[in-house]
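J.: Please find one structure pasted underneath; my questions will follow.
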Amino acid sequence: MSQPRTHLELGPRLRLPITEVELSFVRASGPGGQRVNKTSTQVELRFDVAHSPSLSEADRAWLMQTLRTKLDARGVLHVTAQEHRSQLRNREAAMDRLEQLLRAALVR
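Written out as structure tokens, the structure reads:
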């Protein structure tokens, strides 16, 4: 089994600590057979772009502009994953999605 992530690699000089990402688990919607409405496997990640201490002012401003349609009014980016039946796999899928989204958004 692999080690849990401690950070997201966003570029050659930018690493985002996992401690800046908030996680919550909710009941996934959709088909699930006997498991439906019994387990909370959907993962919701929140990353506060507007107040992240790991981002430089330039990166923060760039992300706020680039991701403006994906941020809420407070500057928080929300990412969800519910395609797997386990919390662990959905957590990894959401982390991968967040990492890819931020990496792509940081390209100038």
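Just so we're aligned: the sequence shown equals residues 3 to 110 in this note's numbering.
Glycine included, C-beta positions come from ideal geometry on N, C-alpha and C.
Only a predicted model underlies this, so the values are computations on that prediction, with no experimental measurement involved.
For Ala60, report the span of its alpha helix (DSSP H) as first-last.
T.: Per DSSP, Ala60 belongs to the alpha helix (DSSP H) from 59-68.
J.: Please return the same chain residues whose Cβ sits closer than 8 Å to the Cβ of Glu22, not counting the five positions on each side in sequence.
T.: For Glu22, where only same-chain residues beyond five positions count, the Cβ hits under 8 Å are Phe49, Asp50, Ser54, Pro55, Ser56.
J.: Assuming the contact rule is C-beta atoms closer than 8 Å, Leu16 and Glu101 should be a hit. Round their C-beta distance to whole Å, please.
T.: So it is not a contact: roughly 11 Å between Cβ atoms.
J.: Please report the residue range of the beta strand (DSSP E) in which Arg29 lies.
T.: From DSSP, Arg29 is part of no beta strand (DSSP E); its letter is neither H nor E.
J.: According to DSSP, what are the bridge partners of Asp50?
T.: Asp50 pairs with Val78.
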